[in-house]
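Here the structure comes first, spelled out in C-alpha cells, and everything after it is commentary.
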Amino acid sequence: MSRNHRNKSNRNSNRNSKKDEQGISLGDLLDSKMAEQLKQLKKEQQKEAVKRQEEERAQREFERKQREKNKSFEELLNESELDWKNYK
C-alpha cells in the first residue's frame, strides 16, 4: 500500500512541476538586458534579410535590362507581337 501511495504522490508532484515549467517563459528565465539584446539581434537579422532580398531583386532587374539591351534585331523582331504581313 505504501508503494502505491508513493507512486501517486510522485505523479502529482510531476504534474505540479510540469505546470510550473509551463508557466515560466523564456523571458522570465533571462534577465531583461539579455532579452533586449536578443530582440535587437532578431530585428537586425530581419533588416539584413530584407536588404539582401532587395539587393537580389535589384541584381535580377539589372541583369534583365542588360539582356534586353543586348538583344539583336532578329530577337526583338521575333518577340514582337505585331504581324508584319499586315503592313506589306
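The sequence shown begins at 1 in UniProt numbering and counts up by one. From the three backbone atoms N, C-alpha and C, an ideal C-beta is built for every residue, glycine too. A quick note: this is a predicted structure, and the numbers were derived from the prediction, not measured.
When secondary structure is reduced to three states using DSSP, N78 falls in the helix class.
Secondary structure of N70 (DSSP, three-state): coil. In the structure shown, the three-state DSSP call for L30 is coil.
C-alpha of G23 to C-alpha of A35: approximately 18 angstroms in a straight line. Rounded to the nearest whole angstrom, the C-alpha separation of K47 and Q53 is 10 angstroms. E74 and S80 have their C-alpha atoms spaced approximately 10 angstroms apart.
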